[in-house]
Amino acid sequence: MAHPDGELATSRACAKAGINMGVSSYANHSVEQITTAGKEIGPIHHVMQLYTMADREKEARIVHRAEAAGCKAIFLTADSPVLGVRYNEWRTGFLPSPGLDNPMIEKTSEQIQQQSHDDGFSSFNSASHSWAREIPWLRSITNMEIWIKGVLTPEDVETAIEYGCDGVVISNHGGRQLDETPATIDVLPACAKAARGRIRIHIDGGIRSGSDIFKALALGAECCWVGRPMLWGLAVRIYHDSRII
């Protein structure tokens with residue numbers, strides 16, 4: 349929605365900058381196209397963001413496509429059993445612009461336009477996901493690393509370790525899922541203390557500057573992820589020669 353090249357431009361820019369990229373299940377381009385676009389510029393690692401799905405066969409297809417395309421890890425989103433209440437979207441009747449497909453979840457623009465945004469999410473997402481249901485199953489179908497995205501408590505860090513996850517992303521989904529979640533930087537120290545070096549910790553949420561990154565690293569994270577700054581760069585079309593400024 350922000351730029352015609354969307355994730356392709358983002359992948360090229362990440363490769364140019366020497367940073368990694370997460371591919372959304374809701375991407376408007378396929379994981380194969382996205383990874384290829386970045387690798388044509390330079391070395392880059394991609395990870396695949398994944399929702400738990402009612403259709404296990406579709407979920408498995410996404411995993412297998414991501415692995416075949418060279419993704420290094422699955423980032424399983426744990427904080428969205430249902431879509432958050434988003435009043436602005438309700439008031440405006442938000443839908444993605446016509447012509448935008450979601451190839452990874454196998455939905456065409458025409459199909460997307462036939463449902464509300466909330467109904468579109470609930471129609472494929474599984475609200476019954478659990479550690480015991482998801483992690484062993486994913487281990488059985490892929491050799492990629494398995495990370496849990498959406499962790500906010502030391503207890504969930506311990507559970508991720510118990511289930512043999514490769515890492516956790518301290519995340520509150522950009523503050524868009526629940527209206528009472530803490531800031532990720534506030535819970536990071538306790539989560540890092542609980543980890544005690546037994547599991548890798550990344551963080552997202554409000555990272556806007558080098559000083560933000562420094563604070564996160566000082567408090568126990570090894571890597572920061574950003575989302576909105578990339579969209580801002582695309583939206584204003586400050587894009588040239590595989591760079592997003």
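In the working numbering, the protein residues as written are 349 to 593. All C-beta atoms, glycine included, are put in the ideal place defined by N, C-alpha and C.
Could you tell me the distance, in whole angstroms, from the CA atom of alanine 408 to the CA atom of tyrosine 511?
-> 20 Å
Could you give the residue range of the beta strand (DSSP E) that holds methionine 396?
-> 394-398
According to DSSP, which residues form a beta bridge with arginine 548?
-> Gly515
Measure the C-alpha to C-alpha separation of threonine 400 and arginine 556 and round it to an integer number of angstroms.
-> 29 Å
Candidates Phe423, Ile496 and Gln461: which alpha carbon is nearest glycine 370's?
-> Phe423
Under 8 Å by Cβ, that's how I've got glycine 515 and arginine 481 pegged, so tell me the actual separation to the nearest angstrom.
-> With a Cβ gap of about 20 Å, glycine 515 and arginine 481 do not count as contacting.
How many Å lie between cysteine 539 and glutamate 380 at the Cα?
-> 34 Å
If you draw a straight line from the alpha carbon of alanine 416 to that of threonine 490, how long is it in whole angstroms?
-> 10 Å
Which word fits threonine 425, buried or exposed, when buried means at least 16 other C-beta atoms lie within 10 angstroms of its C-beta?
-> buried
DSSP beta-bridge partners for asparagine 450?
-> DSSP, once it has assigned bridges, lists Lys455 as partnering asparagine 450.
The alpha helix (DSSP H) spanning lysine 387 covers which residue range?
-> From DSSP, the alpha helix (DSSP H) with lysine 387 extends over 379-387.
Nearest CA to the CA of glutamate 528: which residue from Gly432, Gly386 and Lys364?
-> By alpha-carbon distance to glutamate 528, the top candidate from Gly432, Gly386 and Lys364 is Gly432.
By the 10 Å Cβ neighbour count, where 16 or more other Cβ atoms means buried, how is asparagine 436 classified, buried or exposed?
-> exposed
Report the partner residues of cysteine 572 according to the DSSP bridge assignment.
-> Ile551
Is the CB-CB distance between glycine 498 and valine 517 below 9 Å?
-> Yes. Within cutoff.
Can you say whether threonine 358 is buried or exposed, counting buried as having 16 or more other CB atoms within 10 angstroms of its CB?
-> buried
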